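Be aware that the sequence shown starts at 30, since it is given in this note's numbering, and climbs by one per residue. Note that CB positions come from ideal geometry on N, CA and C, so glycine has one too. Note that the structure is predicted; figures quoted are calculated from it, not measured. A short worksheet on the structure shown next.
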Amino acid sequence: MRRIVFLFLVLAAAASYADVFRIEPVAPTSASGVFVRVDTLWNGCLPRDAKVTRNGQDVDVLWTVPRGGGCVTAFIPWSDRVSLGALPPGTYKVTLRVDSPTGLQTIGTKTITVAEGASAFQLNPAFVSTTGGMVELIARVLCVANGSDVKKVVVDGAEVRINVDPCSVIAFLPPHAAGPVDVSVQVNDATYTVKSTLRYLDRSATPDEATFERVLIPVLYFGPGAFGSQWQTDATLRNLASTQLQWFSSVAFPTLCDVGDCGVPSGGTFGLFEFGNRPKGLVLFVPRTISDDVHYGLIARDTSRDDGAWGAEVRVVREKDARYGKFVIENVPLDSRYRTTLRIYAIDGGASEVKMSAFVGDVGSVATVRIEGCDAPPCNSADPGFGTFDVRSLFPRLPDKSRITLYIEAPSLRPHWALVSVTNNTTQHVTVISPQ
């Protein structure tokens with residue numbers, strides 16, 4: 030019982046550092062449905078009975094606080110998940126409000142774009158620079174016997190120049206303001222349209238979450254370490270998609286981009302050392318349309334002693350692997366024979382306050398740490414929010430030569446990751462422990 034109460038007090042307190050709500054999924058379509066997830070603290074009776082109202086492109090979610098009193102005046106965790114239903118393709122303003130005894134309160138507003146869920150044709154890629162560029166339209170309907178059967182392609186109401194290839198059309202897009210646009214193709218007398226799926230993007234702006242998946246590379250480091258060690262990370266990306274992987278965002282260009290085309294062709298590999306030394310980690314922005322077909326490998330090794338051990342694998346963290354709120358790392362040693370280091374990452378690049386507790390049996394200890402990052406995530410940066418901490422220094426009262434369970438509580442609506450590296454002081458052999 031003591032351990033349960035202790036954990037509740039530690040973990041519930043961290044909710045005050047969370048964002049108020051997020052939209053799920055990150056890249057909604059007209060087929061996926063759209064949800065709002067709220068996770069915050071509320072003072073008094075909890076809001077309930079959410080009502081969703083849509084008026085054109087405005088979506089309003091309204092909760093009501095029950096009248097009549099009887100509620101404790103204290104901050105209480107409030108969580109809810111509300112379906113907005115299946116929205117047609119388009120851009121929407123979502124506003125969250127609470128009708129409370131003190132009046133109507135707006136707790137947050139977000140603008141979302143819902144893409145086409147059943148596209149008549151595929152766009153490759155599904156984004157283009159605001160300065161213009163090329164996009165390929167791919168579909169069976171475009172497999173015509175005569176190229177002249179494809180009459181025209183219209184983007185946001187304007188006809189664009191095209192080249193017709195077997196089963197595809199290359200469209201040359203002019204400059205355009207950032208944002209989603211509709212694309213239509215006319216084949217003979219039939220017109221096929223994909224709405225709100227092609228996005229014009231500014232390379233220098235914060236990478237669009239609906240277009241790019243953030244993939245965390247926890248470490249890229251080449252250099253000396255303690256006790257004469259010489260560390261090297263071998264990190265490779267392999268593109269198994271049928272199309273090229275483009276490095277689009279200006280904040281995440283490998284050095285190779287400075288001298289020429291640095292896209293990764295279909296079937297090609299790419300050494301992530303091209304991004305340089307990144308001891309605090311690196312965030313890649315991978316187009317969602319191909320992210321499932323992009324694969325990674327990452328090991329960290331001490332080249333001064335590689336006759337005794339090849340190295341330790343470090344997990345590359347995809348969006349689906351990220352942790353929200355509470356998570357646990359088991360079997361962490363507190364032992365003077367090892368250097369035990371905790372690394373915590375905010376994949377959206379933002380600063381975070383993270384609360385932790387460690388247990389040896391029923392004996393617990395708590396700590397609060399801050400990881401550095403930007404103030405308004407998601408950030409326009411390839412750097413994750415990051416902090417590194419000596420585990421022994423965090424929990425000095427716990428006994429030596431013990432094995433602890435590490436509870437971590439990060440902001441519940443933002444993606445985080447953590448790992449513990451355990452380095453033998455004699456051999457420099459590294460073991461990496463991650464959440465499971």
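Taking Cβ positions, are E359 and T460 nearer each other than 8 angstroms? Using a Cβ distance threshold of 8 angstroms, E359 and T460 do not count as a contacting pair.
Local Cβ density within 10 Å of A56, reported as buried at 16 or more and exposed below that: A buried status is given to A56, since no fewer than 16 other beta-carbon atoms sit within 10 Å of its beta-carbon.
Go through its chain and collect everything with a Cβ distance to P54's Cβ below 7 angstroms, but skip five positions before and after it. Result list for P54: S61, in chain order.
Buried or exposed: which applies to D412, given that a residue is buried once 16 or more other Cβ atoms fall within 10 Å of its Cβ? buried
So, are the CB atoms of G292 and Q275 less than 8 angstroms apart? Result yes, Cβ atoms of G292 and Q275 sit closer than 8 angstroms.
Given 8 angstroms as the limit, is there contact between the region 296-314 and the region 225-243, that is, 3 or more CB pairs closer than that? yes
Can you grab the Cα-Cα spacing for the pair W260 / P308, in whole Å? 11 angstroms
Answer with buried or exposed for T140, where buried requires no fewer than 16 other C-beta atoms within 10 angstroms of its C-beta. exposed
Neighbourhood of I328 by C-beta, 6 angstroms cutoff - its chain only, sequence neighbours within 5 removed: Here I328 has D263, G340, E342 as same chain residues with Cβ atoms under 6 angstroms from its own Cβ, once five neighbours each way along the sequence are excluded.
Using a Cβ-Cβ cut-off of 8 angstroms (strictly less than) and excluding sequence neighbours within five positions of A187, which residues of its own chain qualify? So the list reads P203, once near-sequence residues are dropped.
Every unbroken beta strand (DSSP E) within the region 44-77, with a cutoff of 3 residues, ordered by chain: 50-53, 63-72
Would you report the Cα separation of W92 and V451, rounded to the nearest angstrom? 48 angstroms
For A447, which three-state DSSP category applies? strand
Residue span of the alpha helix (DSSP H) that contains V212, given as start and end: Unbroken run through V212 is the beta strand (DSSP E), 208-216; no alpha helix (DSSP H).
Rounded to whole angstroms, what is the Cα-Cα separation between C172 and V182? 15 angstroms
If we call anything under 8 angstroms between Cβ atoms a contact, is F64 one with G137? no
Do A375 and G354 have their C-beta atoms within less than 8 angstroms of each other? Judged by beta-carbon spacing, G354 lies beyond the 8 angstroms limit of A375, meaning their Cβ atoms are not closer than that value.
Tell me which residue opens and which closes the beta strand (DSSP E) that S225 is part of. S225 -> beta strand (DSSP E) spans 219-230.
Cutting at 7 angstroms between CB atoms, please list the residues of its own chain near G500, excluding the five before and the five after it. For residue 500 there is no data in the structure shown, the boundaries of the chain being 30 and 465.
How many angstroms separate the CA atom of S129 from the CA atom of D377? Roughly 32 angstroms separates the two Cα atoms.
Nearest-angstrom Cα distance between L40 and T159? Caution is warranted here: a pLDDT of 39 is assigned to L40, below 50, making its placement in the model unreliable, and the coordinate value is therefore given only provisionally. Approximately 44 angstroms between the Cα atoms of the pair.
Taking C-alpha atoms, which residue in P425, N153, G305, D178 lies nearest to L166? N153
On the premise that L227 lies in contact with V212, defined as a C-beta separation below 8 angstroms, what is that separation, rounded to the nearest angstrom? At roughly 5 angstroms, the Cβ-Cβ gap stays under 8 angstroms, so V212 and L227 are in contact.
Are there 16 or more other CB atoms within 10 angstroms of the CB of T369, so buried, or fewer, so exposed? buried
From V94, L269, S108, E303, pick the residue whose C-alpha is nearest to that of G132; which is it? V94
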